[in-house]
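Chains as they are written, first to last, in the numbering used here: chain A, 12 to 122; chain B, 5 to 118.
Here it is as structure tokens:
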């Protein structure tokens, strides 16, 4: 039973660029949530997707957007990257509103 | 808004001994869930234990148990017979009963000494 997978593992971008991160949920899960974890801090909720719609959103600007596909996988897009966007981006999957299981994360560095 | 506070940035325990990590939270809701997650250097967030607020009985998973004090809004994690593999960052998290927006504390770094 495959767990949550994320790609890529690491990514280096420059300010102003755009980035896309990908997530495949755990088998049987239909809901994907995205979190940003800055160095030395706890994760912060970005948004959640269910049935291909953004169901809930945290306090993040519109530069952060996402998508969920019919197979429940998801993408996180960040436009106009800032230095402050450097962080570990975590994807978590669940069955609707239930316990979330996390992927290994994508480390994004913005130079 | 719900907040989660972990007042111990770092903790240390001798191998085979017991350690307790503290967590307090603030909420006006009655339906919620509490979690402890472990994040080793590999970065993957691993679920350790979960507690439903409506259950009075404290959750237990092998060497891990919680002390859930609902009135005091306290949710501590006890690790018994500590092992070297328990060394990691531990995050306490809160989730409302009707949505998936999890709020995390700042974490406690646990060191296990051989």
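We put the CB at the ideal spot given by N, CA and C, even for glycine.
Compare the C-beta of residue i against all C-beta atoms of chain A and say whether one is closer than 8 Å.
i                      : result
residue 89 of chain B  : no
residue 66 of chain B  : no
residue 79 of chain B  : no
residue 105 of chain B : yes
residue 55 of chain B  : no
residue 95 of chain B  : yes
residue 108 of chain B : yes
residue 51 of chain B  : yes
residue 48 of chain B  : yes
residue 102 of chain B : yes
Tell me the DSSP bridge mates of residue i?
i                     : result
residue 40 of chain A : Beta-bridge pairing links residue 40 of chain A to no other residue.
residue 41 of chain B : B:51 and B:95
residue 34 of chain A : A:17 and A:85
Answer with yes or no whether the minimum CB distance from residue i to chain B is below 8 Å.
i                      : result
residue 95 of chain A  : no
residue 113 of chain A : yes
residue 79 of chain A  : no
residue 30 of chain A  : no
residue 105 of chain A : yes
residue 56 of chain A  : yes
residue 87 of chain A  : no
Am I right that residue i and residue j are in contact with their C-beta atoms under 8 Å? What's the rounded C-beta distance?
i                      : j                      : result
residue 117 of chain A : residue 32 of chain A  : 5 Å
residue 35 of chain B  : residue 101 of chain B : 3 Å
residue 87 of chain A  : residue 77 of chain A  : 5 Å
residue 57 of chain A  : residue 71 of chain A  : 5 Å
residue 48 of chain A  : residue 92 of chain A  : Wrong, their Cβ atoms sit about 17 Å apart, outside the cutoff.
residue 15 of chain A  : residue 104 of chain A : 5 Å
If you reduce the DSSP assignment to three classes, tell me which class residue i lands in.
i                      : result
residue 88 of chain B  : helix
residue 105 of chain B : coil
residue 48 of chain A  : strand
residue 46 of chain B  : coil
residue 124 of chain B : Nothing in the structure corresponds to residue 124 of chain B, since chain B is present only between 5 and 118.
residue 113 of chain B : strand
residue 28 of chain B  : strand
residue 66 of chain B  : coil
residue 11 of chain B  : coil
residue 122 of chain A : coil
At a cut-off of 7 Å, would you count residue i as near the ligand ADP, judging by its Cβ distance to the nearest heavy atom?
i                     : result
residue 60 of chain B : Although the ligand ADP was asked about, the structure shown includes no ligands whatsoever.
Practice prompt. For the segment 60-120 of chain A, list the beta strand (DSSP E) runs that are entirely contained and at least 3 residues long, ordered along the chain.
Written response: 64-68, 75-79, 85-89 and 98-105
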